[in-house]
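Contents: one structure, followed by commentary.
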């Protein structure tokens, strides 16, 4: 897991370049916002994607993490505007593309945020990543396994535990915790 808060500037730039290649963003208009992004992330929060566009007449960085969507606008000379929507509060995310640019629409229960002048190549990638992250956060996770019968052997317990992990019910951390309990 990459630690955005403690990474050096070189490590951060390498990580941002990796994300930008995957999503298709050029990072051109959002260098100040990307530099500030680690300051607003929680300790274990992971950046999955980012893009930029116009919202309320200003250029914003729109960063998707494993927990939320963060909107950052660092002023030309001073100031910072920041907003966020937790992934579990997003009702819908959609996109539209034109010849060169597109737009992303993010709807939560209270409002609809429309980000225009988004690079066309990032619209679909960003909206798809957002839907995946929304599904991941909404997937029910079982922190405790169902009780095992007294006659169950260690092998069958581990097989059932592996099946739960493979199906996405358990994270790697939950799997490791339950495995340690089984192995005593």
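In my numbering, the protein residues as written are 42 to 225.
We put the CB at the ideal spot given by N, CA and C, even for glycine.
Which residue's Cα is closest to the Cα of residue i: the options?
i           : options               : result
residue 73  : 112, 225, 138 and 219 : 112
residue 121 : 213, 134 and 81       : 81
residue 128 : 163, 203 and 104      : 104
residue 109 : 215, 199, 170 and 225 : 170
residue 151 : 130, 162, 223 and 225 : 130
residue 90  : 172, 102, 96 and 64   : 64
residue 126 : 107, 57 and 225       : 107
residue 85  : 144, 46, 99 and 164   : 46
residue 168 : 180, 179 and 143      : 143
residue 140 : 160, 95, 124 and 203  : 160
residue 198 : 58, 44, 219 and 60    : 219
Give the secondary structure of residue i by DSSP, where H, G and I count as helix, E and B as strand, and everything else as coil.
i           : result
residue 69  : coil
residue 100 : strand
residue 219 : helix
residue 132 : strand
residue 60  : helix
residue 202 : helix
residue 84  : coil
residue 55  : helix
residue 49  : coil
residue 197 : helix
residue 107 : coil
In the DSSP output, which residue or residues are listed as bridge partners for residue i?
i           : result
residue 123 : 113
residue 167 : Per DSSP, none; premise fails for residue 167.
residue 210 : For residue 210, which the question treats as bridged, DSSP gives no partner whatsoever.
residue 146 : 135 and 155
residue 226 : The structure shown does not extend to residue 226, since the chain spans only 42 to 225, so no value can be given for it.
residue 91  : 104
My guess is that residue i and residue j are in contact by the Cβ rule of under 8 Å, so how many angstroms apart are they, rounded?
i           : j           : result
residue 93  : residue 66  : 7 Å
residue 209 : residue 179 : In fact, because the Cβ distance is near 12 Å, the residues do not count as touching under 8 Å.
residue 51  : residue 70  : No, residue 51 and residue 70 are not in contact; Cβ-Cβ is about 22 Å, not under 8 Å.
residue 202 : residue 223 : 7 Å
residue 114 : residue 132 : Contact doesn't hold; Cβ gap of about 23 Å is too wide.
Tell me, please, whether the CB atom of residue i is closer than 8 Å to any CB atom in chain B?
i          : result
residue 65 : This model lacks chain B altogether; it includes just one protein chain.
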